[in-house]
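Following: one structure in structure tokens, then a few remarks.
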Amino acid sequence: PLPPALLREEVAQLQEEVHLLRQMKEMLTKDLEETHGSKSPEVLSATELKVQLAQKEQELARAKEALQAMKADRKRLKSEKTDLVSQMQQLYATLESREEQLRDFIRNYEQHRKESEDAVKALAKEKDLLEREKWELRRQAKEATDHASALRSQLDLKDNRMKELEAELAMAKQSLATLTKDVPKRHSLAMPGETVLNGNQEWVMQADLPLTAAIRQSQQTLYHSHPQHSADRQAVRVSPCHSRQPSIISDASAAEGDRSSTPSDINSPRHRTHSLCNGDSPGPVQKNLHNPIVQ
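Mapping of the sequence shown onto the UniProt record's numbering: position 83 corresponds to residue 83, and the numbering continues sequentially without gaps.
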């Protein structure tokens, strides 16, 4: 079936043709009435009648030509209408296919957009996780750096302390070596009643004793040779050189010896040796003295 718009156009054209034919009919009717009304009592001649007939025939021919032209136009319009209808149908089919393609495109675009949004959300979550891991690693690295710095500081302090202790040990060994050189002579002066075959040999026999006992023996020998301790010579008859028993010198004598030391004697080898023997030095020094290491 034809669309309503085309039907309306065709009806309008037919109405125009009918109206034109009615006008032509009215014109012919008027001419005929005029012809009958203008008749004079005299009968028209045959020539005039022929002329009028020729005119009427010409007008009729023109009307026929107009009618033929209108029919041709009508046929042309019908063909154009048919072409237009076919074009409209093709256009409708094309529009429907394009609409279907557009719907598919929109559907695919929506699906792709949703997938992209999901991927972006996943990437954002992964980025947040990586950021947290990065800051956690930075925090751990900072803590490790601080801990390493603290350990380095402690190690430096321990190294410095070890150097100080090594220096003190070297000074103690030097003081011990200095005192060891005078041991035979002081033994001969302090204990004349004892038979001393060879003081150096006795000191060599002492080598298996702890270093602290040797320092105490040197300290006692130094006390025997000191003028202020002449009254205590009888208390040290039994020397550590001849026995492994601890010294029998009294704490009062040691305290008196400490009090008799002047500030100028604090840094002396004898006072340092006495301090090391009485436990005035720190714990690590005593451990090194009890376990001497021959360097």
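Built from N, CA and C at the ideal position, the CB exists for glycine as well.
Taking a C-beta distance under 7 Å as the contact criterion, Glu-17 and Met-70 qualify as a contact pair. Boundaries of the alpha helix (DSSP H) around Ser-97: 46–181. The distance from the Cβ of Leu-6 to that of Lys-81 is about 5 Å, consistent with a contact at the 8 Å cut-off. Using a C-beta cut-off of 8 Å, the stretch 23–35 makes contact with the stretch 46–66, since at least three inter-stretch Cβ pairs fall below that distance.
Distance between Lys-114 and Gln-140, taken at the CA atoms: about 39 Å. In the same chain as Leu-28, and ignoring 5 residues on each side of it, no C-beta atom comes closer than 6 Å to its own. Taking all protein chains shown into account, Ser-149 has fewer than 16 neighbouring C-beta atoms within 10 Å of its C-beta and is therefore exposed. Burial check for Ala-172: the Cβ neighbour count within 10 Å reaches 16 or more, so the residue is buried.
Distance from the Cα of Asp-31 is smallest, within the candidate group Gln-55, Ala-12 and Lys-121, for Gln-55. In the assembly as shown, Glu-34 is an exposed residue. Its beta-carbon has fewer than 16 other beta-carbons within 10 Å. CA-to-CA, the gap between Glu-166 and Ala-177 works out to about 16 Å. CA-to-CA, the gap between Gln-68 and Leu-77 works out to about 14 Å.
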